[in-house]
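> Attaching a single structure in structure tokens format; questions to follow.
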Amino acid sequence: MKLIKPCLLAITALLFVNCTAQKKISSLKDVYKKDFYIGTALSANQIEQKDAKVNSLICKEFNAITAENIMKSMFIHPQKDKYDFALTDKFVAYGKKNKMYIHGHTLIWHSQLAPWMTQIKDSTEMKAFMKDHITTIVSKYKGRIDSWDVVNEALNEDGTLRKSVFLNTLGEQYLIDAFKLAAAADPKTDLYYNDYNNEEPAKREGTINLIKKIKAAGGKVDGVGIQAHWRLESPSLEEIEKSILAYSAIGVKVAFTELDITVLPNPWDLKGADVNQNFEGSAKMNPYPESLPDSVQEKLAQRYSDIFKLFLKHKDKISRVTFWGVYDGQSWLNDWPIKGRTNYPLLFDTQLKPKKAYNALIDLKK
Ligand code: G3I
Numbered sequence: 062m063k064l065i066k067p068c069l070l071a072i073t074a075l076l077f078v079n080c081t082a083q084k085k086i087s088s089l090k091d092v093y094k095k096d097f098y099i100g101t102a103l104s105a106n107q108i109e110q111k112d113a114k115v116n117s118l119i120c121k122e123f124n125a126i127t128a129e130n131i132m133k134s135m136f137i138h139p140q141k142d143k144y145d146f147a148l149t150d151k152f153v154a155y156g157k158k159n160k161m162y163i164h165g166h167t168l169i170w171h172s173q174l175a176p177w178m179t180q181i182k183d184s185t186e187m188k189a190f191m192k193d194h195i196t197t198i199v200s201k202y203k204g205r206i207d208s209w210d211v212v213n214e215a216l217n218e219d220g221t222l223r224k225s226v227f228l229n230t231l232g233e234q235y236l237i238d239a240f241k242l243a244a245a246a247d248p249k250t251d252l253y254y255n256d257y258n259n260e261e262p263a264k265r266e267g268t269i270n271l272i273k274k275i276k277a278a279g280g281k282v283d284g285v286g287i288q289a290h291w292r293l294e295s296p297s298l299e300e301i302e303k304s305i306l307a308y309s310a311i312g313v314k315v316a317f318t319e320l321d322i323t324v325l326p327n328p329w330d331l332k333g334a335d336v337n338q339n340f341e342g343s344a345k346m347n348p349y350p351e352s353l354p355d356s357v358q359e360k361l362a363q364r365y366s367d368i369f370k371l372f373l374k375h376k377d378k379i380s381r382v383t384f385w386g387v388y389d390g391q392s393w394l395n396d397w398p399i400k401g402r403t404n405y406p407l408l409f410d411t412q413l414k415p416k417k418a419y420n421a422l423i424d425l426k427k
């Protein structure tokens, strides 16, 4: 009996050491701790912790969170005089409990607006809306949300301003107003302009001009979000690198805010995330309904590895890299631009198992 106790203690200690060591080499957030935050986007179910296995994966791998949908205008501000903070409160509490970096997505966006917002007709009404919307939401989470996407996707592909209810009623002043209102509501939170394809030359130029304009008018812009809904073959590492350097040169932090990589056919050469682009499906367009062939799995791993190598090279300019979802089964890319395909854009498969791409990113830091 006397001998058994020390033996048990030794075995327990060994298990503990192994477990700690294993956690150290196998967690993304740990291996990239000194480089940048590693984030994920959470669905409503994940915020409510409905699936214990998914929840423990989130806690193990990520140290930053974005709400995939629940903070968008239609959900958080469904009627003119009604806000719904039920899920947002849970989201923020979740991040705090787990000591995570919390990012707010998104205050001003032409998409997923509540129907009443699309009816706003003139500048007086729009000014009142923006003041109420931004001030109410940002003040409520003052000191608790680390950064906000103040404006999302305001630009066309050629770098000009996208037509929207905001532009139609207020002209380009709405961008300046939005950043000023957010800064007034919480002076310490970081304010981002977020978009897709803004690593492409024309849109990059447009983004830089926009940020300069907002800053020149007295607005505070701390960072630019490059969404990074990317493909196996594009964008090129050269354009990504040029973007990191160009944005950094105008004094803003760079965050990769919605990273995923589609592996499915894209005959239309679609880039980015314009959800209004939809096409008919066919078997040819959904080539891997059961599983991803090893050869493509390898390509995905190589692509992620190349991208992260570049991110590490510029880690001093990059604040956060967030994946758009936790695992393949939940990705929006299963439904865009064709509904019901099986895509494999993230690091964990539908069974929550790490893919080759995950191992490649861990290996980069060995
Ligand atoms: O509104 C209904 C809701 O009432 C219903 O309960 C639910 C049931 O499925 O569907 C709801 O709407 C869906 C919504 O997500 C919330 O789940 C929409 O049909 C669906 O189109 C919507 O898709 C989201 C999309 O933004 C909308 O634009 C995706 O999940 C989300 O991943 C995607 O995220 C965007 C970023 O916010 C901005 N950048 C591009 C990115 C990818 O499109």
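In the working numbering, the protein residues as written are 62 to 427. Using N, Cα and C, we set each Cβ at its ideal position, and we do this for glycine too. From a predicted model like this one, the values you see are computed outputs, not experimental measurements.
Go to V153, then tell me how far its beta strand (DSSP E) extends in each direction, as first and last residue.
Counted from its first residue, the sequence shown places residue 153 at position 92. It is not in any beta strand (DSSP E) - V153 instead sits in the alpha helix (DSSP H) that spans A147 to K158.
> Assess, as a yes-or-no matter, whether the region 271 to 281 is touched by the region 200 to 209 under the definition of 3 or more beta carbon pairs within less than 8 Å.
Result no; under three Cβ-Cβ pairs closer than 8 Å.
> Going by CA-CA distance only, name the one from L231, I305, S366 and G401 that's closest to N347.
Counting from 1 along the sequence shown, the entry for residue 347 is found at position 286. Out of L231, I305, S366 and G401, G401 has the C-alpha closest to the C-alpha of N347.
> List the endpoints of the continuous beta strand (DSSP E) containing N116.
Start at 1 with the first residue of the sequence shown, and residue 116 comes out as number 55. First-last for N116: A113 to E122, but that is the alpha helix (DSSP H), not the beta strand (DSSP E).
> So, with DSSP's three-state summary, where would you put K143?
Position 82 of the sequence shown holds residue 143. Strand.
> Using only the heavy atoms of the ligand G3I, determine whether one of them is closer than 8 Å to the beta carbon of V285.
Start at 1 with the first residue of the sequence shown, and residue 285 comes out as number 224. No, Cβ of V285 sits at least 8 Å from all heavy atoms of the ligand G3I.
> Should the region 324 to 337 be regarded as contacting the region 299 to 307, the criterion being three or more beta carbon pairs within less than 8 Å?
With a cut-off of 8 Å, the region 299 to 307 and the region 324 to 337 do not count as touching, because too few Cβ pairs lie within range.
> Report the rounded CA-to-CA distance for K192 versus T185, giving the unit in angstroms.
Translated into the one-based positions of the sequence shown, residue 192 becomes position 131. Translated into the one-based positions of the sequence shown, residue 185 becomes position 124. Answer to the nearest angstrom: the Cα atoms are 11 Å apart.
> Can you tell me whether DSSP reads V212 as helix, strand or coil?
Working through the sequence shown from its first residue, we reach residue 212 at position 151. Residue state, collapsed to three classes: strand.
> Nearest-angstrom Cα distance between K84 and V313?
Translated into positions along the sequence shown, residue 84 becomes position 23. Translated into positions along the sequence shown, residue 313 becomes position 252. At K84, the pLDDT of 45 sits below 50, so the modelled position is not reliable and the matter cannot be decided from this model.
> Could one say the Cβ of S117 lies closer than 9 Å to chain B's Cβ atoms, at least one of them?
Given the protein chain composition of this structure (a single chain), no chain B is represented.
> Can you tell me the Cα-Cα spacing of P262 and V285, whole angstroms?
Position 201 of the sequence shown, counting from 1, holds the residue named residue 262. Position 224 of the sequence shown, counting from 1, holds the residue named residue 285. Answer to the nearest angstrom: the Cα atoms are 15 Å apart.
> Does at least one heavy atom of the ligand G3I sit under 8 Å from the Cβ of Q234?
Within the sequence shown, the letter at position 173 stands for residue 234. Q234: no, Cβ never under 8 Å from the ligand G3I.
> Is it buried or exposed, K370, if we count other Cβ atoms within 10 angstroms and call 16 or more buried?
Taking the first residue of the sequence shown as 1, we reach residue 370 at position 309. The residue is exposed, with fewer than 16 neighbouring Cβ atoms inside 10 Å.
> Take every Cβ of the region 86 to 102, pair it with every Cβ of the region 377 to 396, and state whether three or more of those distances are shorter than 8 Å.
Counting Cβ pairs under 8 Å, three or more are found: they touch.
> Tell me where the beta strand (DSSP E) around H194 begins and ends.
Position 133 of the sequence shown holds residue 194. Careful: H194 lies outside any beta strand (DSSP E), inside the alpha helix (DSSP H) at S184 to K201.
> Taking 8 Å as the line, does the beta carbon of G386 fall inside it for any heavy atom of the ligand G3I?
Locating residue 386 in the sequence shown gives position 325, counting from the first residue. Yes, the ligand G3I has a heavy atom inside 8 Å of this Cβ.
> May I ask whether a heavy atom of the ligand G3I can be found less than 8 Å away from the beta carbon of W170?
Position 109 of the sequence shown, counting from 1, holds the residue named residue 170. Checking the Cβ of W170 against the ligand G3I gives yes.
> With distances taken Cα to Cα, identify the nearest neighbour of P354 among L271, D424, L325 and N258.
Counting from 1 along the sequence shown, the entry for residue 354 is found at position 293. Comparing Cα positions, the closest option is L325.
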